[in-house]
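This report refers to the structure that appears directly beneath it.
There are 2 protein chains.
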Amino acid sequence: MKEGPDIARIATLIGDPARANMLTALMCGQALTATELAQTAGVTLATASAHLSKLEEGGLLTQRKQGRHRYFALADHRVASLLEDLAGLAATRGHLRHRPGPKDPALRRARICYDHLAGDFGVRILDSLIERGAILSEDETLTLTTTGRQFVCDMGIDVETIETPRRPLCRACLDWSERRSHLGGSLGKALFDQMLAKGWAKREPESRAIRFTREGTSRFLALFPVQDVDAA
Amino acid sequence: MKEGPDIARIATLIGDPARANMLTALMCGQALTATELAQTAGVTLATASAHLSKLEEGGLLTQRKQGRHRYFALADHRVASLLEDLAGLAATRGHLRHRPGPKDPALRRARICYDHLAGDFGVRILDSLIERGAILSEDETLTLTTTGRQFVCDMGIDVETIETPRRPLCRACLDWSERRSHLGGSLGKALFDQMLAKGWAKREPESRAIRFTREGTSRFLALFPVQDVDAA
DNA sequence: TCGATGCTTCGGTTACGATCGAAGTATGAA
DNA sequence: TTCATACTTCGATCGTAACCGAAGCATCGA
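Which chain is which? The protein sequence lines are F and R, in order. Heads up: the first sequence is residues 1 to 232, going by the numbering used here. Heads up: the second sequence is residues 1001 to 1232, going by the numbering used here.
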C-alpha cells in the first residue's frame, strides 16, 4: 500500500534515550568503545551491546575491531548532519533536557560538533566571515565568495583539496546553545583542524568541550573580529 | 549531567509507524483532517487523535479549527526538511518499506515533496538548471547564478518576493525513488506552483502523485531539456 | 430542538522492547 | 597454559505506550 523509505525505522533507532546519548557522544567525531558508550549512555554493557548492534544494522554506525576493543563511530557526515538538524529543531521547540541556563559554560563557549567548532566561538566564526564578505549567506544557504577563497587561502588552507562532491563546503548548522548558526561543512572542519594544529586549542578528554589556550583565544578573536560587543 | 537538546524526544515522535505515516502524508503540503490522517495511518480515530496531540505538543504539527473539522499540517518547512533528510538517509541505507521496484510508477515519475516536485520530473528540473548554468552546484549547496535569475525572471517568477530569510532559495533534496537530488527551497516551490497555475499538472486526490497533462508534459520536457537520454 | 458528524477522553488490554545478570566467546598478557 | 579484559548472547522481567470500543463534547444542518 504505502511506498517509500522507512523513516520510522531510523527515527526509532534515534528515539531511544540510551541510543540517543550514544549518538550524541559520537558527535565528538572520535570513535569510542562499547564500554565507553555504555557509560555515557548510563546502561550496562549487555544493554549497550544490543543497542550498538541495532544502530550498526540500521546503517547509522560503523564498527572497527582493534584487538579486543570495538570502536564505534558515526557512519558518515550525513548521519552527523541529521543529528545536528534534529538537535537544532529540538532546541527551537524548547526540548531541552535540562535548563538552558549556563550549566556548563565551557560547552556553551566552545565545543566540538562532529568535526567542527560550535558554541559561542563557532557562531563567531560564521558571523565574522559573513561580515567581511567571505561568505555569502543567502537565507540558510552559505557560499564562499572569491574574497573568502582568498582569505582562506591566506590562512594556508587549500580549498581545492577539501572540496569534495560528497560534502558541502559551507553548511549552516543551527546551534542549540546559541540558537544561531555556526559554520559546518568541510570548511568548518578545515578551520577547526588548523586551530588544533596551531595549538590554539585542545579537546577536553571525555567531553565535547574545547579548551582554548590564553594565546589561542586572543589570536582567535583577532582573526575573527565582529562588529558588536567583544564580550567574549 | 548531560546538556543539550532532547533529540530522542523528537525522534521518538517520528519513530512510531502510525505517526510516521501521518507525517509522510502531510508532506503533500496540504492540511489534512484527523479522520483522513487516521485512514492513511491505518488506525482508528481514537488512536489517531492521541498521536496528533503528541505531535502537536512536540511542535511538529500545527492545528487549525474550521467548523467541526480539525486540519493538521506540518509546523513549518524545517520539519519538512528534516523529514526529507530522514527519508533520504533511510533510502541510502536500504530501508524501504517495500520493494523499490516500479510499484507505483506515477509516484516515481512525479510526486509532491511538501511543496515542490520530486521523482523523475523533479530530478530533471535540477539537472537541467545545472546544465544550462542557472544553478551552481557546489557539493550539496545550490546557488542561483545571475544567468539563473534571468531565466527564472523570464518565466515570470519574481525572485525578490520569494526570497525570504526564513528559507533557502535553492535546496538539494535527496530523492528516495531516484537516489539523486531534486530542487527544493522556495524556488522549487515557486516553479511547481507555476506549473499548477499554468494547468500543466494536477494533484491526484488522496495521493502524493502528480498527473501531468499531455501538453503539460511536452512543455515541461521542452523547458527543462537534459543532455542524456530523453526517455521520459 | 433534534439528530448527524467530527473529534476527544476514558478505561482496560496487549505487545513490544529496554533492561539486567549470568553464562559464553574472543583476544591479549603473563 | 592460564588468567584477565572486552564484548556478545541468552533468558527472564518489567514498564511503557500503542491500541480499541464506548461514552462524552462540540459543531453543523434541518
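By construction, the Cβ of each residue, glycine as well, lies at the ideal position given by its N, Cα and C atoms. All values derive from a computational prediction rather than experimental measurement.
C-alpha distance - residue i paired with residue j, whole-angstrom precision
i, j, result
"L82/F", "L1117/R", "22 Å"
"G1101/R", "R1108/R", "Since pLDDT at G1101/R reaches only 42, below the 50 mark, its modelled position is unreliable, and the value read off the structure follows with that caveat. Using only the alpha carbons, I get a separation of about 10 Å."
"A106/F", "G122/F", "13 Å"
"T145/F", "H1077/R", "27 Å"
"E160/F", "R167/F", "13 Å"
"D193/F", "A110/F", "14 Å"
"T147/F", "R219/F", "21 Å"
"Q227/F", "I125/F", "12 Å"
"G1201/R", "I1157/R", "Note on identity: in this sequence residue 1201/R is Ala, with Gly being the wrong assignment. Looking at the two C-alpha atoms, the distance is approximately 18 Å."
"R99/F", "L1169/R", "Only weak support is given to the placement of R99/F: the predicted model assigns it a pLDDT of 47, under 50, and the question is left unresolved by the model."
"A1231/R", "D1104/R", "Reliability of the predicted coordinates at A1231/R is poor, the pLDDT of 46 falling under 50, and no value is obtained from them."
"E84/F", "A1080/R", "15 Å"
"S1207/R", "L1032/R", "12 Å"
"R1149/R", "I1135/R", "9 Å"
"E1138/R", "V1152/R", "20 Å"
"K1054/R", "M1022/R", "12 Å"
"G199/F", "R214/F", "11 Å"
"A91/F", "D1006/R", "8 Å"
"L52/F", "E36/F", "12 Å"
"E56/F", "E1056/R", "31 Å"
"M1195/R", "R68/F", "60 Å"
"L191/F", "Q1030/R", "42 Å"
"P205/F", "E178/F", "23 Å"
"E131/F", "E1131/R", "32 Å"
Anticipated Cβ contact below 8 Å, residue i with residue j, distance rounded
i, j, result
"A1020/R", "P17/F", "In fact, because the Cβ distance is near 19 Å, the residues do not count as touching under 8 Å."
"W176/F", "G1058/R", "Between G1058/R and W176/F the Cβ distance is about 16 Å, and since that is not below 8 Å, they are no contact."
"I10/F", "I112/F", "Actually they do not touch by this definition, with Cβ atoms about 24 Å apart."
"A1038/R", "A1048/R", "3 Å"
"R1171/R", "G1184/R", "4 Å"
"T1143/R", "T143/F", "5 Å"
Under 9 Å between C-beta atoms of residue i and residue j
i, j, result
"D1115/R", "K1189/R", "yes"
"L1086/R", "I1162/R", "no"
"A1025/R", "A1046/R", "no"
"R1089/R", "L1074/R", "Rather than Arg, the amino acid found at residue 1089/R in this sequence is Leu. No; because the gap between Cβ atoms is not below 9 Å, this pair is not in contact."
"F72/F", "Q63/F", "yes"
"F1224/R", "L1129/R", "yes"
"T1034/R", "R1070/R", "The question names Thr, but residue 1034/R in the sequence shown is Ala. Yes; because the gap between Cβ atoms is below 9 Å, this pair is in contact."
"S186/F", "T164/F", "yes"
Status (buried if at least 16 other CB within 10 Å, exposed otherwise) for residue i
i, result
"G1133/R", "exposed"
"C1173/R", "buried"
"M155/F", "exposed"
"T1141/R", "buried"
"S181/F", "buried"
"C28/F", "buried"
"G1119/R", "buried"
"T1044/R", "exposed"
"A222/F", "exposed"
"A197/F", "exposed"
DSSP bridge partner residues for residue i (one or two, in chain order)
i, result
"C173/F", "H182/F"
"Y1114/R", "Beta-bridge pairing links Y1114/R to no other residue."
"F1072/R", "L1032/R, Q1063/R"
"L1144/R", "I1135/R"
"R203/F", "I210/F"
"R1167/R", "T1164/R"
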